[in-house]
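With the numbering used here applied, the sequence shown has no gaps in its numbers, which climb one by one up to 666 at the end.
Glycine included, C-beta positions come from ideal geometry on N, C-alpha and C.
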Amino acid sequence: TDADRLGVESDDLISIKVGQGHSIEIPVYILWGQPQGVITLPLGYGRTAAGPIGGDVDAADATDPVGFDTYKVRKSGQMFVATGGVEVTKAGGSHELVSTQEHQQMDWIGQKGYTARAGTKGKSGSIIREATFAEYVAKPDFVDHVTHRLPLLQLWDTPYPSLEKQKEIAAKDPDAPRAFSIPHAWGMSIDMSACVGCNACVIACQSENNIPTVGKAMVKMNREMHWIRLDRYFKAKMDESRHVQDYENVDVTYQVMMCVHCENAPCEQVCPVAATVHDTEGLNTMVYNRCIGTRYCSNNCPYKVRRFNYMDWHSRNSRKGAGLELVASAWAGIPDTQQQQSIEQVRRMVYNPEVTVRMRGVMEKCTYCTQRIKAATINKKNEWAKGNLPQGEKANGQPGYTVDDFEVITACQQACSTQAITFGNLMDPTSAVRALHKVPRAYTVLEDLNTRARTKHLAKIRNQNEQLAEVSPAGTGEEGKVPHGGSI
Numbered sequence: 179t180d181a182d183r184l185g186v187e188s189d190d191l192i193s194i195k196v197g198q199g200h201s202i203e204i205p206v207y208i209l210w211g212q213p214q215g216v217i218t219l220p221l222g223y224g225r226t227a228a229g230p231i232g233g234d235v236d237a238a239d240a241t242d243p244v245g246f247d248t249y250k251v252r253k254s255g256q257m258f259v260a261t262g263g264v265e266v267t268k269a270g271g272s273h274e275l276v277s278t279q280e281h282q283q284m285d286w287i288g289q290k291g292y293t294a295r296a297g298t299k300g301k302s303g304s305i306i307r308e309a310t311f312a313e314y315v316a317k318p319d320f321v322d323h324v325t326h327r328l329p330l331l332q333l334w335d336t337p338y339p340s341l342e343k344q345k346e347i348a349a350k351d352p353d354a355p356r357a358f359s360i361p362h363a364w365g366m367s368i369d370m371s372a373c374v375g376c377n378a379c380v381i382a383c384q385s386e387n388n389i390p391t392v393g394k395a396m397v398k399m400n401r402e403m404h405w406i407r408l409d410r411y412f413k414a415k416m417d418e419s420r421h422v423q424d425y426e427n428v429d430v431t432y433q434v435m436m437c438v439h440c441e442n443a444p445c446e447q448v449c450p451v452a453a454t455v456h457d458t459e460g461l462n463t464m465v466y467n468r469c470i471g472t473r474y475c476s477n478n479c480p481y482k483v484r485r486f487n488y489m490d491w492h493s494r495n496s497r498k499g500a501g502l503e504l505v506a507s508a509w510a511g512i513p514d515t516q517q518q519q520s521i522e523q524v525r526r527m528v529y530n531p532e533v534t535v536r537m538r539g540v541m542e543k544c545t546y547c548t549q550r551i552k553a554a555t556i557n558k559k560n561e562w563a564k565g566n567l568p569q570g571e572k573a574n575g576q577p578g579y580t581v582d583d584f585e586v587i588t589a590c591q592q593a594c595s596t597q598a599i600t601f602g603n604l605m606d607p608t609s610a611v612r613a614l615h616k617v618p619r620a621y622t623v624l625e626d627l628n629t630r631a632r633t634k635h636l637a638k639i640r641n642q643n644e645q646l647a648e649v650s651p652a653g654t655g656e657e658g659k660v661p662h663g664g665s666i
């Protein structure tokens, strides 16, 4: 690979020179599937006058730039691709890079367990399930045959009443709050065929839910706070000993992962103070005032989607040192005045007023954007109480005051450019999310644990044209081989 020829590993510095006099030093990040002989340079980093967050070298309270300025080697005649006169050498030294992709990784267990869960090239695993279009047409229910399905018997009936029982309760007391909460059972569907791994959902969730930025030093310690993560899986051909044969020609799969709101939630069973509980609409909710920070829930969550506030992130500048320096006066320890004393007034205006700002020692996670759910349900209930909505049933048999499909759109769903995320009411037989949960390629991640998750993923379908002739690059003399991968 390119990295082997240069004798570099991730974090090592290399020197790149384009033409005459244009050169930079930049650290290496080795990535499977990068085309051979190609180096990708990100633009937009290394700014020197972007403030305390982006970097400001001339200020009295100077902060280093974030990343490296690659515009130095960008020429007007080669704005996007530089193909001639490029020299790449090992510069010596290193610069530490931090990535969340290495966090919460599965144990390799001699590689066998890893490949069984993630799969290999062209083969499904228990977590990542995929097929070609031809395979899907021939066997639409292939997701049910990837692993042995256990008879997941329930020791008790579902706590949610049947639709007939719901109608009976609603008829007795239609104005009662419980009558309104009964018809909703919120759920989500994530289509891995549509997801392109752009991370727009991650940023939208962070902005919507007041998720703090913790800084590089804290991310290095596995203390990132994002409620959504994109798990990236590389699949390569393996030999009989389950060793990777080809690091270059690989398949890539992205899997959006957040709290899946289990009906049989492992986190709820271990919390000593009932800080994480189930509500009547199926949400796995967090009661922040109860949380005492034992982190038992995070340890017991098989999806590893819970985040713990190790610091008062919103009252600190994450770009200062290890991300621990206060930017305002220390709080007095009185919860009622804590935010007023520790948070800058301008910074307070950044937060979404409909979402609680979490403090140190509190666990948090995806809430299915419960603030948006409540806004829609309260508005619907008020309109129904005023007589602006039909007092009878809807066409789908539900009470007239239930939220219609797509009246609640989560932040991640709203930001997704490919409509890979769908959210809605599973009790509504006409809802889009209910229809997606019934498609043959819908499956539950880690369903063998009997968590009964409200979020289902749709298996990835690869529509590759196998009839296209493979052409070798000029000068290689290797007909029938297309090196799709590199190293840097």
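Asked, Found
"Alpha-carbon spacing of I639 relative to I202, whole angstroms", "41 Å"
"Own chain partners of I551 with C-beta closer than 6 Å, once the 5 adjacent residues on each side are dropped", "V586"
"Segment contact, 8 Å Cβ cut-off, at least three pairs: the segment 462-469 with the segment 540-550", "yes"
"Chain-order list of residues whose beta-carbon lies under 8 Å from that of G255 (same chain, five-residue window excluded)", "none"
"Alpha-carbon spacing of G199 relative to G262, whole angstroms", "14 Å"
"CB-CB length for A414 against K317, believed under 8 Å", "Contact flag wrong, Cβ pair sits at about 24 Å."
"D417: first and last residue of the uninterrupted beta strand (DSSP E) it sits in", "Note, D417: premise wrong, no beta strand (DSSP E); not H, not E."
"Three-pair Cβ contact test at 8 Å for the segment 425-441 versus the segment 623-634", "yes"
"Under 8 Å between C-beta atoms of N388 and Y529", "yes"
"Per DSSP, cross-strand counterpart(s) of Q433", "D409"
"P450 versus R473, A296, R225, V422, residue with shortest Cα-Cα distance", "R473"
"P318, enclosing beta strand (DSSP E) - first and last residue", "Taken as a continuous stretch (DSSP letters only), P318 belongs to no beta strand (DSSP E), as it is neither H nor E."
"Outcome for K634 when other beta-carbon atoms lying within 10 angstroms are tallied against a minimum of 16", "buried"
"Which listed residue (L614, A589, G233, A240) has its alpha carbon closest to that of D247", "G233"
"Other residues of its chain near Y223: CB distance less than 8 Å, five sequence neighbours each side excluded", "P243, V244, G245, F246, D247, T248"
"Cβ-based neighbour list, P531, same chain, cut-off 7 Å, excluding 5 preceding and 5 following", "none"
"Under 8 Å between C-beta atoms of T534 and Y466", "yes"
"With 16 other Cβ atoms within 10 Å as the buried cut-off, status of S609", "buried"
"7 Å Cβ shell around Q642 - same chain, five flanking residues per side excluded", "T310"
"Residues near T278 in its chain [Cβ-Cβ closer than 7 Å; skip 5 each side]", "V397, E402, R407"
"Whole-Å CB distance - C594 paired with A294, under 8 Å assumed", "Rounded, the Cβ-Cβ distance is 30 Å, inconsistent with contact."
"Check whether V321 and Y579 have beta carbons under 8 Å apart", "no"
"Reduced DSSP secondary structure (H/G/I, E/B, other) of S385", "helix"
"Where K253 falls, given that 16 or more other Cβ within 10 Å makes a residue buried", "exposed"
"Bridge-paired residues (DSSP) for Q256", "K253"
"Residue from V264, F258, E274, T226 with nearest C-alpha to V206", "E274"
"Burial state of K558, where buried means 16 or more other Cβ atoms lie within 10 Å", "buried"
"C-alpha distance - N400 paired with H281, whole-angstrom precision", "6 Å"
"Buried versus exposed call for R632 [16 or more other C-beta atoms within 10 Å across all chains shown]", "buried"
"8 Å Cβ cutoff met for D319 and P607", "no"
"Reference A269, options V428, W491, L636, L184, closest by Cα", "L184"
"Beta-bridge pairing of S201 - partner residues as DSSP gives them", "K195"
"Proximity winner among A240, V235, L219, A237, relative to K250 (alpha-carbon distances)", "L219"
"Distance, Q283 Cα to V540 Cα", "24 Å"
"Contacts around E308, its chain only, beta-carbon distance under 6 Å, and the 5 residues preceding and following it disregarded", "S302, A637, K638"
"Endpoints, the alpha helix (DSSP H) within which H668 is located", "In the structure as shown, the chain starts at 179 and stops at 666, and residue 668 therefore has no counterpart that could be examined."
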